Amino acid sequence: MQRILMAQAGPGMILAKEILNPDGMVLCGAGTPLTPALIERLISMDIVDVTVEGHPVTVEGEKTLKEELQEIDLRFQRVEDMAPLMYLKKRIQAKLVASRSFEGAAK
Amino acid sequence: MDEQKRAQFKKVLREIKNLPTLPGIVAKLGKMAEDPDTTTEQMGRVISKDHILASKLLKLVNSAFYGFPQRISSLNSAIILLGFNVIKSLIISASIFEVMESQDVELWEHSLGCAVVCNVLARHMGVKDPEEISTAGLIHDIGKVAIKMELPREYAMITELSQEKKISRLEAEREILGLDHAEVGSWLAKSWNLPNKLVEPIACHHDPQLAKEEQQASAIVHFANIMIRGLGYGHAGDIWVPPLNNKAWKLLALAPADIDPLLMEIEEKLWDVKGFSLDIQSKQEGAA
Chain A
6 MQRILMAQAG
16 PGMILAKEIL
26 NPDGMVLCGA
36 GTPLTPALIE
46 RLISMDIVDV
56 TVEGHPVTVE
66 GEKTLKEELQ
76 EIDLRFQRVE
86 DMAPLMYLKK
96 RIQAKLVASR
106 SFEGAAK
Chain B
26 MDEQKRAQFK
36 KVLREIKNLP
46 TLPGIVAKLG
56 KMAEDPDTTT
66 EQMGRVISKD
76 HILASKLLKL
86 VNSAFYGFPQ
96 RISSLNSAII
106 LLGFNVIKSL
116 IISASIFEVM
126 ESQDVELWEH
136 SLGCAVVCNV
146 LARHMGVKDP
156 EEISTAGLIH
166 DIGKVAIKME
176 LPREYAMITE
186 LSQEKKISRL
196 EAEREILGLD
206 HAEVGSWLAK
216 SWNLPNKLVE
226 PIACHHDPQL
236 AKEEQQASAI
246 VHFANIMIRG
256 LGYGHAGDIW
266 VPPLNNKAWK
276 LLALAPADID
286 PLLMEIEEKL
296 WDVKGFSLDI
306 QSKQEGAA
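Chains as they are written, first to last, in our numbering: chain A, 6 to 112; chain B, 26 to 313.
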């Protein structure tokens, strides 16, 4: 899932998290597909950002999946003899791979 | 390490001139709490006299790391829900982080992230007061701020040494100062009369086996620090995931099957906290 600004939202994207108004009331549930009309409405309601499935927006300067995986390897480099931490690393990487694939494969 | 030099650093750090002194309000609230006739409303009134502090407090309380399902909009309900000890440590964090926000956004992000993980782990383990462990997570690296502010020259040397030798910040601190941020943090926490439940996890977050009374809380903060560094959220001075202590790991009794759901929950909450720390950044940019 990816958190994006309303300005980056486009039709066909699917909400990964519900949208709440400032009072905490649900405006739109998770799983709702964004349509041009809905996007317009949300903008008019001053919603600033939304969380959508997959990773549809490429942010400038954002690291590639490969770079991020390498960084994780580097961070864990000094604890490679600790089995629980190697397992933790494996799961963090697996989760990252899943979240970066499109169509909300993280589910 | 030169014993004399160590003593000198110790003296400087113990005196702490540059860190904000604790607002007088903390001492006042301490007295009020000892008086059995004090009501929540009275306490709320005292806190709300400082508008900035009160709003910071509410912002912290409503941040994702406390995980309350509803928005807490009044100080009174915050006091009732969180209890006096947590409120007191939050007032301290709010005052400290006022400095930290401008000093070191990355460390603040790391600290908030660590608090989130502490909260998730504590709830998973069914700990009685998960909020207190979150608070311990939030201020576990307070010693780093103290070193940065009181000994800026040595702080820069520590950064340089850790990059040059590719060692952790902790190791570099021990080499240059003969003491480390965990020890410094515990002095600070003690000098603020924080409960042992906060002092020990700060003191022992790298060596949780040394905890005498608060083994569980120390183990949680220890592992939360490892997890948040593993996730690469925020930055605590060096990139490395610190080593795991075996005794703490056994105490946590996490099964491999627990890891995925925990990561999922942590990620969810970090989304919300990210907005929280971004707020601070954008505020800074706006001020610049």
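Where a beta carbon is used, it is the ideal one built from N, C-alpha and C, also for glycine. Being a predicted model, the structure only gives us computed values, none of them experimental.
Q.
Does histidine 206 of chain B pass the burial test, meaning 16 or more other C-beta atoms within 10 Å, or should it be called exposed?
A. The residue given as residue 206 of chain B occupies position 181 in the second sequence. With 16 or more other Cβ atoms within 10 Å, it is buried.
Rounded to the nearest angstrom, how far is the Cβ of alanine 140 of chain B from that of serine 159 of chain B, given a contact under 8 Å? What you label residue 140 of chain B is simply residue 115 of the second sequence in a count that begins at 1. What you label residue 159 of chain B is simply residue 134 of the second sequence in a count that begins at 1. Confirmed, Cβ separation roughly 5 Å.
Handout entry: Assigned secondary structure, cysteine 229 of chain B (DSSP; H/G/I helix, E/B strand, else coil)
Key = In the second sequence, residue 229 of chain B corresponds to position 204, counting from 1. Looking at cysteine 229 of chain B - three-state DSSP - the assignment turns out to be coil, as it is neither helix nor strand.
Residues of its chain near serine 187 of chain B, where Cβ-Cβ distance is below 6 Å and the 5 sequence neighbours each way are ignored:
Position 162 of the second sequence holds residue 187 of chain B. Contacts found: Arg194, Ala197 and Asp263.
What three-state label does DSSP hand alanine 313 of chain B in the structure shown? By 1-based counting over the second sequence, the position of residue 313 of chain B is 288. Caution applies to alanine 313 of chain B, whose pLDDT of 37 falls short of 50 and renders its modelled position unreliable; the model cannot decide the point.
- On the three-state DSSP scale, how would you describe valine 111 of chain B? Working through the second sequence from its first residue, we reach residue 111 of chain B at position 86. Helix at valine 111 of chain B.
Distance, methionine 50 of chain A Cα to serine 98 of chain B Cα:
Numbered from its first residue, the second sequence carries residue 98 of chain B at position 73. Numbered from its first residue, the first sequence carries residue 50 of chain A at position 45. Approximately 22 Å between the Cα atoms of the pair.
**Prompt:** Which residues, taken in chain order from the stretch 212 to 234 of chain B, show a beta carbon closer than 9 Å to some beta carbon of chain A?
**Reply:** none
May I ask you to verify whether the stretch 239 to 254 of chain B touches the stretch 60 to 72 of chain B, counting CB pairs closer than 8 Å and requiring at least 3? no
Contacts that valine 93 of chain A makes with chain B (C-beta to C-beta distance below 8 Å)
As a first step, residue 93 of chain A is located in the first sequence; it is residue number 88 there, counting from the start. Reading off the sequence, residue 93 of chain A comes out as leucine, not valine. Near leucine 93 of chain A (Cβ distances below 8 Å), the residues of chain B are Ile251, Met252, Gly255 and Ile284.
query = In the structure shown, what three-state DSSP assignment does aspartate 297 of chain B receive?
reply = Locating residue 297 of chain B in the second sequence gives position 272, counting from the first residue. Note: aspartate 297 of chain B maps to helix in three-state DSSP.
Can you list the residues of chain A that isoleucine 264 of chain B reaches, using a CB-CB cut of under 7 Å? For this step, residue 264 of chain B is matched to residue 239 along the second sequence. What isoleucine 264 of chain B touches in chain A: Leu79 and Arg80.
**OP:** Let me know the secondary structure DSSP gives proline 177 of chain B once reduced to three states.
**Re:** The sequence position of residue 177 of chain B within the second sequence is 152, counting from 1. The answer is helix: DSSP assigns proline 177 of chain B an H, G or I state.
Check your understanding: Using a C-beta to C-beta distance shorter than 8 Å, which residues of chain A count as neighbours of leucine 269 of chain B?
Key -> Taking the second sequence and counting its residues from 1, the one referred to as residue 269 of chain B is at position 244. Going along chain A in sequence order, the residues near leucine 269 of chain B (Cβ under 8 Å) are Val84, Met87, Pro89 and Leu90.
- Check each candidate in B:Lys36, B:Phe34 and B:Asp75 and name the one with the smallest Cα separation from lysine 53 of chain B. Looking up residue 53 of chain B in the second sequence gives position 28. Among B:Lys36, B:Phe34 and B:Asp75, the Cα nearest to that of lysine 53 of chain B belongs to B:Asp75.
So with CB distances below 8 Å, who are the chain A contacts of glutamine 95 of chain B? Residue 95 of chain B sits at position 70 when you count from the first residue of the second sequence. Within 8 Å Cβ-Cβ: Gly29.
Note to self: At the 8 Å Cβ level, is threonine 56 of chain A part of the contact set with chain B, yes or no?
What the structure shows: Here the question's residue 56 of chain A lines up with position 51 in the first sequence. Closer than 8 Å: yes.
Would you list the residues sitting across from arginine 8 of chain A in a DSSP beta bridge? Translated into the one-based positions of the first sequence, residue 8 of chain A becomes position 3. In the DSSP output, where bridge partners are listed per residue, arginine 8 of chain A has A:Thr56.
- How would you label isoleucine 77 of chain B, buried or exposed, when you count the other beta carbons within 10 angstroms and need 16 or more for buried? Your numbering for residue 77 of chain B matches position 52 in the second sequence. Label assigned to isoleucine 77 of chain B: exposed.
### Task
Look at leucine 223 of chain B and alanine 214 of chain B and say whether their C-beta atoms are less than 8 Å apart.
As a first step, residue 223 of chain B is located in the second sequence; it is residue number 198 there, counting from the start. As a first step, residue 214 of chain B is located in the second sequence; it is residue number 189 there, counting from the start. Yes, they are a contact pair.
Quiz item: How about glutamate 67 of chain A: is its C-beta nearer than 8 Å to some C-beta of chain B?
Solution: One-based indexing of the first sequence puts residue 67 of chain A at position 62. Not an interface residue.
Figure out for me which residue from B:Ser211, B:Ala147 and B:Thr65 has the closest Cα to the Cα of isoleucine 164 of chain B.
Here residue 164 of chain B is taken as the residue at index 139 of the second sequence, counted from 1. Here the closest residue by C-alpha is B:Ser211.
Next on the checklist: Can you give me the C-alpha to C-alpha distance between methionine 174 of chain B and lysine 84 of chain B, rounded to a whole angstrom?
Outcome noted: Counted from its first residue, the second sequence places residue 174 of chain B at position 149. Counted from its first residue, the second sequence places residue 84 of chain B at position 59. Cα-Cα distance, rounded: 25 Å.
Please state the DSSP three-state secondary structure of valine 62 of chain A.
As a first step, residue 62 of chain A is located in the first sequence; it is residue number 57 there, counting from the start. Correct three-state label for valine 62 of chain A: coil.
task: Taking leucine 288 of chain B as the query, report the chain A residues whose CB atoms sit under 7 Å from its CB, ordered along the chain.
output: Within the second sequence, numbered from 1, the residue matching residue 288 of chain B stands at position 263. Those within 7 Å of leucine 288 of chain B in chain A are Arg96, Ile97 and Lys100.
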